[in-house]
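Engineer: Protein chains in written order, with our numbering: chain A, 1 to 484; chain B, 485 to 797.
(1) Please return the same chain residues whose Cβ sits closer than 6 Å to the Cβ of residue 630(B), not counting the five positions on each side in sequence.
(2) For residue 487(B), count neighbouring Cβ atoms within 10 angstroms of its own Cβ and tell me buried if that reaches 16, exposed if not.
(3) Can you tell me whether residue 677(B) is buried or exposed? The criterion is at least 16 other CB atoms within 10 Å of its CB, across all chains shown.
(4) Buried or exposed: where does residue 542(B) fall if 16 or more other Cβ atoms within 10 Å of its Cβ makes it buried?
(5) Could you give the DSSP three-state label for residue 783(B): helix, strand or coil?
(6) Taking 8 Å as the cut-off, does the segment 734–748 of chain B touch the segment 652–660 of chain B (at least 3 CB pairs, one atom from each stretch)?
(7) Measuring CB to CB, does residue 449(A) end up less than 8 Å from residue 476(A)?
(8) I want to verify the contact list: residues of chain B whose CB lies under 9 Å from the CB of residue 12(A), in sequence order.
(9) Any C-beta of chain B within less than 7 Å: which residues of the segment 356–380 of chain A qualify?
(10) Suppose contacts are defined by Cβ-Cβ distances below 8 Å. Is residue 384(A) in contact with residue 443(A) by that definition?
(11) Tell me the residue span of the beta strand (DSSP E) that contains residue 140(A).
(12) Could you pull out every residue in the same chain whose Cβ sits closer than 8 Å to the Cβ of residue 98(A), ignoring the five residues on either side in sequence?
(13) Under 8 Å, CB to CB, which of the residues in the segment 383–402 of chain A have a partner in chain B?
(14) Give me the Cα-Cα distance between residue 18(A) and residue 134(A), rounded to the nearest whole angstrom.
(15) Kindly indicate the opening and closing residues of the beta strand (DSSP E) around residue 501(B).
(16) Under 7 Å, CB to CB, which of the residues in the segment 487–507 of chain B have a partner in chain A?
(17) Could you give the DSSP three-state label for residue 273(A): helix, strand or coil?
(18) Evaluate contact between the segment 363–379 of chain A and the segment 410–428 of chain A, counting only Cβ atoms and requiring at least three cross-stretch pairs below 8 Å.
(19) Taking any Cβ of chain A, which residues in the segment 740–770 of chain B have a Cβ under 7 Å from it, in chain order?
(20) Closest to residue 511(B) by CA distance: which of 503(B), 499(B), 521(B), 520(B) is it?
(21) Within 10 Å of its beta-carbon, does residue 295(A) have 16 or more other beta-carbons around it, so buried, or fewer, so exposed?
(22) Going by the CB atoms, is the gap between residue 84(A) and residue 77(A) shorter than 8 Å?
(23) Closer than 7 Å to a non-hydrogen atom of the ligand MN - does that hold for the CB of residue 688(B)?
(24) Okay, do the segment 222–238 of chain A and the segment 301–319 of chain A touch, 3+ Cβ pairs below 8 Å being the bar?
(25) Residues of the segment 431–450 of chain A with a CB closer than 9 Å to any CB of chain B: list them in chain order, please.
(26) Name, going along the chain, the residues of the segment 618–631 of chain B whose beta-carbon falls closer than 8 Å to a beta-carbon of chain A.
(27) With 7 Å as the C-beta to C-beta threshold (strictly closer), list the residues of the segment 714–728 of chain B near chain A in chain order.
(28) Name the chain D residues whose beta carbon is nearer than 7 Å to that of residue 683(B)?
(29) May I ask you to list the residues that DSSP assigns as paired with residue 506(B)?
(30) My output table needs one value for residue 470(A): the three-state DSSP class, helix, strand or coil.
(31) Going straight from the alpha carbon of residue 472(A) to that of residue 445(A), what length do you get?
(32) In the DSSP assignment, the beta strand (DSSP E) including residue 459(A) goes from what residue to what residue?
(33) For the alpha helix (DSSP H) that contains residue 528(B), what are its first and last residues?
(34) Could you please give the first and the last residue of the uninterrupted beta strand (DSSP E) stretch that includes residue 278(A)?
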């Protein structure tokens with residue numbers, strides 16, 4: 001196969017492996033903090049216990065797909081309450097906008113799983129191969145015993161981390177201790193093994209091999225973010241008006257007017273986890289982690305020059321500073337109207353969800369009337385209508401309930417368990433923990449009853465009250481057509 | 485293929501043809517695309533060999549694996565049959581009056597009965613089992629031949645007035661008018677008497693006398709019917725053939741004799757059992773009382789009107 005490219009011109013550039021150098025500074029320390037916090041949340045959450053009594057699992061966070069329940073600490077969500085999850089997802093989406101509006105691509109820089117696991121794997125690289133120079137040397141060197149050994153160890157650690165990552169994921173979907181035992185004894189469901197296999201592979205490939213390419217070529221979020229950023233957004237930027245023209249310390253001594261602050265030490269590129277040169281200007285490859293700022297500030301300190309040649313600032317503030325103004329605080333940028341608007345929407349959804357959560361009913365009644373036939377004439381002239389009631393108990397304990405008739409004078413009802421002879425206007429039932437109980441109910445009304453609306457009223461008969469009311473109809477024969 | 489040349493603008497070789505000076509660059513298909521094509525060709529060869537593929541005169545080639553959609557259906561039906569085998573065996577071994585003590589089996593029977601009802605019964609009794617004129621409503625509390633689960637099963641097994649079956653539910657009301665047993669005036673008097681039982685007409689002595697002479701044997705002196713003869717209760721609100729005066733009179737004139745097939749000729753005993761359980765579950769089923777023996781006294785005690793009489797405390 002021949003490519004249509006003109007001879008000599010190549011449109012595809014092979015990946016240049018990135019070997020970021022160790023750096024220290026406020027941004028790096030924040031990145032460490034985020035790494036530890038997010039990974040701890042991810043790996044440890046399924047192991048948190050939460051006592052819900054004998055009828056519900058004691059795992060704090062559990063997506064119980066088999067039984068269609070979602071547990072999160074004291075909250076239990078049924079499938080029909082999925083809007084809570086949808087609301088959380090919307091809040092997460094708006095939260096991304098909010099963070100972007102306030103702090104630029106901070107999500108990319110500190111908390112995106114791709115960033116976190118890439119960072120983790122780069123630490124593994126340093127642990128096994130040494131810092132940037134050692135890694136470069138090993139990469140360029142021949143495949144001797146040392147290299148084979150080091151690569152073997154490194155990739156084994158990659159694999160272990162990846163496996164642990166995939167393994168932690170499935171713990172959210174079943175009781176973690178039980179599943180762990182089942183997993184290692186070969187008794188877990190096949191989908192558990194498949195999920196672990198897939199997530200192990202994706203973690204290994206994305207975090208271990210592809211790394212920054214995922215951000216630069218695959219991920220849609222940087223593209224969306226570029227549309228969200230403007231001159232008022234915080235970005236990591238190189239103050240070219242201050243840095244250019246680059247030159248050594250000696251050159252600047254010779255020609256102070258021509259040579260800028262950048263000594264072209266290349267530290268900013270060496271520490272960059274995506275291998276980007278920030279001095280080329282803002283780019284999708286810059287995930288805004290700020291490690292180049294840490295590196296550059298250190299150099300500036302050593303040279304006795306002002307910090308912030310590479311800075312976390314808005315383009316507008318850079319212009320302001322260039323014109324001789326004071327360097328502005330980050331907080332001022334973060335509190336713009338856009339951020340406030342996003343915060344407002346985000347908080348409004350959150351308050352609405354909390355309100356819905358606080359006022360939701362934990363028992364529920366639904367009524368399905370038999371329509372074929374709509375009514376039955378009984379031998380003594382009474383009219384019977386049949387209904388299927390569904391009593392839902394969403395609490396993790398059995399609850400006694402009563403169903404009463406409201407309206408329809410003279411009517412009574414019974415169930416298959418009771419029998420006709422004990423018919424009354426109130427049924428007393430107990431619904432098992434976390435269950436929906438279907439009940440066939442026969443409602444009989446005296447001779448001459450005409451078609452009418454009435455209600456089934458559900459009430460809890462325990463201390464925690466609550467109830468529901470469903471209006472339905474009662475069909476009866478027309479007087480004239482009674483005999484047909 | 486003569487005039488192959490390198491196109492200057494793109495640096496790609498042409499295919500060598502020229503149509504009115506228009507040439508085509510030789511850009512072959514990507515290799516992955518070609519390999520995919522070859523792979524599908526190889527797959528199709530294997531498919532044609534192992535699966536039915538080539539249409540012949542009467543049928544298609546069978547393929548090495550012998551697969552067919554009919555065969556697959558048969559296999560799935562067989563698997564389903566095996567899955568249900570335990571339930572079916574348990575149903576076969578359980579006398580129907582003992583089903584009530586086995587809730588799981590009862591539930592399975594009702595579910596199976598619901599399916600069988602849709603196939604065999606809805607033609608007359610309707611999909612809601614509510615019947616229509618001449619076809620009894622199976623959901624109410626009025627039963628011609630008995631409404632406990634055992635009686636329903638017996639009715640299903642033997643049918644009603646099924647020709648050629650000695651065990652069938654059998655009874656015959658004379659056509660009082662058509663056969664000239666009663667003159668028209670007497671017919672009207674009896675009709676009045678029957679309607680007076682439910683307050684729809686005024687009682688009259690002539691009618692009462694005629695009823696006692698001609699009807700009470702089967703329908704009982706008070707018109708409440710007798711299940712051993714399948715004689716309907718005339719004193720209740722339910723009229724199989726309509727309760728208007730002319731409808732009642734027509735029933736007396738030409739008599740009525742509904743027919744139901746003896747299902748034992750069509751269905752297996754387990755399906756009949758399931759149908760009985762389903763019909764019994766529709767809201768009108770009566771409790772089964774183990775009678776000491778089917779004496780006339782016991783049968784008479786089973787008052788036909790409501791289920792309450794038969795209900796166990």
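A virtual CB, placed ideally from N, CA and C, is assigned to each residue, including glycine.
Structural biologist: According to the data block:
(1) Position 146 of the second chain holds residue 630(B). Same-chain partners within the cutoff: 711.
(2) Here residue 487(B) is taken as the residue at index 3 of the second chain, counted from 1. By the 10 Å Cβ count, residue 487(B) comes out exposed.
(3) By 1-based counting over the second chain, the position of residue 677(B) is 193. Looking at its Cβ environment, which holds 16 or more other Cβ atoms inside 10 Å, residue 677(B) is buried.
(4) In the second chain, residue 542(B) corresponds to position 58, counting from 1. Its Cβ having fewer than 16 others within 10 Å, residue 542(B) is exposed.
(5) If you number the second chain from 1, residue 783(B) lands on position 299. Model confidence at residue 783(B) stands at a pLDDT of 40, short of 50, so the residue's coordinates are unreliable and nothing is read from them.
(6) yes
(7) Here the question's residue 449(A) lines up with position 449 in the first chain. Here the question's residue 476(A) lines up with position 476 in the first chain. Against a cut-off of 8 Å, the Cβ pair of residue 476(A) and residue 449(A) comes out as a contact.
(8) Numbered from its first residue, the first chain carries residue 12(A) at position 12. None at all; the shortest Cβ gap to chain B is about 14 Å.
(9) 372, 373, 376, 377, 378, 379, 380
(10) Translated into positions along the first chain, residue 384(A) becomes position 384. Translated into positions along the first chain, residue 443(A) becomes position 443. In this structure, residue 443(A) lies closer than 8 Å to residue 384(A) by Cβ.
(11) The residue given as residue 140(A) occupies position 140 in the first chain. Element bounds for residue 140(A): not the beta strand (DSSP E) but the alpha helix (DSSP H), 132–140.
(12) Taking the first residue of the first chain as position 1, residue 98(A) is located at position 98. For residue 98(A), where only same-chain residues beyond five positions count, the Cβ hits under 8 Å are 339, 342, 343, 346.
(13) 384, 386
(14) On the first chain, position 18 is the one that residue 18(A) refers to. On the first chain, position 134 is the one that residue 134(A) refers to. Their Cα atoms are separated by approximately 13 Å.
(15) Taking the first residue of the second chain as 1, we reach residue 501(B) at position 17. Run containing residue 501(B): 498–503, per the beta strand (DSSP E) assignment.
(16) 494, 495, 496
(17) Numbered from 1 along the first chain, position 273 holds the residue referred to as residue 273(A). The answer is coil: DSSP assigns residue 273(A) none of H, G, I, E or B.
(18) no
(19) 767
(20) Looking up residue 511(B) in the second chain gives position 27. Of the listed residues, the one whose Cα sits closest to residue 511(B) is 499(B).
(21) As a first step, residue 295(A) must be located in the first chain, where it is residue number 295. Its Cβ being crowded by 16 or more others within 10 Å, residue 295(A) is buried.
(22) The sequence position of residue 77(A) within the first chain is 77, counting from 1. The sequence position of residue 84(A) within the first chain is 84, counting from 1. Cβ atoms of residue 77(A) and residue 84(A): closer than 8 Å.
(23) This structure lacks the ligand MN, and indeed carries no ligand of any kind.
(24) yes
(25) 440, 442, 447
(26) 621, 623, 624, 625, 626
(27) 717, 720, 721, 722, 723, 726, 727, 728
(28) Going by chain labels, chain D is absent from the structure shown, which instead holds the protein chains A and B.
(29) As a position in the second chain, residue 506(B) is number 22, starting the count at 1. Bridge partners of residue 506(B): 503(B).
(30) Translated into the one-based positions of the first chain, residue 470(A) becomes position 470. Three-state result, residue 470(A): strand.
(31) Numbered from 1 along the first chain, position 472 holds the residue referred to as residue 472(A). Numbered from 1 along the first chain, position 445 holds the residue referred to as residue 445(A). Their backbone Cα atoms lie some 15 Å apart in a straight line.
(32) Working through the first chain from its first residue, we reach residue 459(A) at position 459. Unbroken beta strand (DSSP E) run through residue 459(A): 452–460.
(33) As a first step, residue 528(B) must be located in the second chain, where it is residue number 44. Where residue 528(B) is concerned, the enclosing alpha helix (DSSP H) stretches over 515–534.
(34) Working through the first chain from its first residue, we reach residue 278(A) at position 278. Neither: residue 278(A) is in no beta strand (DSSP E) and is coded neither H nor E.
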